[in-house]
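Asks: There's a structure below that I have some questions on.
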Amino acid sequence: MLNLGTGSGFAGSFEEDSFRTLLAKRAQDWTTALQPAAGAYALTFTPNPDEPVRAVRTADGGALVVGAMTSQESMTAEEGAQVPPDTESIK
Numbered sequence: 060m061l062n063l064g065t066g067s068g069f070a071g072s073f074e075e076d077s078f079r080t081l082l083a084k085r086a087q088d089w090t091t092a093l094q095p096a097a098g099a100y101a102l103t104f105t106p107n108p109d110e111p112v113r114a115v116r117t118a119d120g121g122a123l124v125v126g127a128m129t130s131q132e133s134m135t136a137e138e139g140a141q142v143p144p145d146t147e148s149i150k
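The opening residue of the sequence shown carries number 60 in our numbering; numbering runs sequentially from there.
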């Protein structure tokens, strides 16, 4: 779901949530910002196979499943392009 968004085969099984909405907006913002510099943006998530997955059943019959992941964010642009920091804390 995090890597494929609405293109995931599981997308119909999950309601929208604020985290995935934030990730999609960030990806769109960076993609738009990098277009003039012939750039590209990518954000990928990989499960950490060395960490256990934990699950807890909820009172309504659902489940909360938690696992460790590694995220990698990358940006590319033409040589000499200047990419500004994306947050005040990075400046």
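C-beta: ideal position from N, C-alpha, C; glycine also.
Can you list, in chain order, the residues of its chain with a C-beta nearer than 7 Å to that of residue 128? Leave out the 5 residues immediately preceding and following it.
Replies: Cβ neighbours of residue 128 beyond the five flanking positions: 104, 105, 106 and 107.
Asks: Runs of 3 residues minimum, wholly inside the region 78–146: which ones carry the beta strand (DSSP E) assignment?
Replies: Segments of the beta strand (DSSP E) lying fully in the region 78–146: 99–106, 113–116, 122–125 and 128–135.
Asks: According to DSSP, simplified to helix, strand and coil, what is residue 67?
Replies: Coil at residue 67, not helix or strand.
Asks: Using CA atoms only, rank isn't needed, just tell me which of 100, 120 and 93 is closest to residue 62.
Replies: Of 100, 120 and 93, the residue nearest in Cα terms is 100.
Asks: By Cβ distance, which residues of its chain are closer than 7 Å to residue 121, with the 5 residues on each side in sequence left out?
Replies: Correct list: empty, nothing qualifies.
Asks: Give me the residue from 126, 79, 92 and 84 with the minimum Cα distance to residue 111.
Replies: Closest option to residue 111, Cα to Cα, is 126.
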